[in-house]
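Numbering (the working numbering), first residue to last: 44 to 152. Data first, discussion second: the structure below is written as structure tokens.
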Amino acid sequence: MSWNVKYLPEALDDFRKLDGSQKILVRKAIQKVCQNPLPETEGGYGKLLGNKSSTNLTGFLKIKLRGAGLRIVYQLIRQGDYMLVIVIGVREDEEVYEIAQKRISKHNL
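This is the structure:
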């Protein structure tokens, strides 16, 4: 079963700012993960995030694109069977996770 994917408006802006090759990588990764976005602990592709330094992303998941240095943070909405993409960005000094924290607070997620 494939889950639907929804994006915060800011996450769509993140996607638009990527270059062509990065967009292809992100699109493929999201297509793969939406087949089974559950946490790895439940047999899915998602990697659980937690409470580190200045960010508390407990309950959120990430997709790591190591070769490109990109991270995608998303929330699994089980009631509606969809994954909500919070941020797509380069993992520079944990900045992508700090941005995710701000967006989660802003949108009351």
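Ideal placement from N, C-alpha and C gives every residue a C-beta, glycine not left out.
L127, buried or exposed, once every other Cβ within 10 Å from all chains shown has been counted against 16: In the sequence shown, the residue the question calls residue 127 occupies position 84. That one is buried.
For G89 and V76, believed in contact at Cβ under 8 Å, the rounded distance: Position 33 of the sequence shown, counting from 1, holds the residue named residue 76. Position 46 of the sequence shown, counting from 1, holds the residue named residue 89. That pair is a contact at about 7 Å.
C-alpha distance - D62 paired with A111, whole-angstrom precision: Stepping through the sequence shown from its first residue, residue 62 is reached at position 19. Stepping through the sequence shown from its first residue, residue 111 is reached at position 68. Their backbone Cα atoms lie some 11 Å apart in a straight line.
Straight-line Cα distance separating S97 from Q78: Within the sequence shown, numbered from 1, the residue matching residue 78 stands at position 35. Within the sequence shown, numbered from 1, the residue matching residue 97 stands at position 54. Using only the alpha carbons, I get a separation of about 31 Å.
For R121, the three-state DSSP class (helix, strand or coil): One-based indexing of the sequence shown puts residue 121 at position 78. Residue state, collapsed to three classes: coil.
Spatially closest choice to D124 from P80, F58, K105, by CA coordinates: For the purposes of this step, residue 124 is taken as residue 81 along the sequence shown, with counting starting at 1. For the residues P80, F58, K105, the minimum Cα distance to D124 belongs to P80.
Counterpart residues of I106 in DSSP-defined beta bridges: Sequence index remark: in the sequence shown, residue 106 carries index 63 (1-based). DSSP, once it has assigned bridges, lists I115 as partnering I106.
Spatially closest choice to E141 from G86, L100, R70, by CA coordinates: The count along the sequence shown starts at 1 and reaches residue 141 at position 98. Comparing Cα-Cα distances from E141 to each of G86, L100, R70, the minimum goes to L100.
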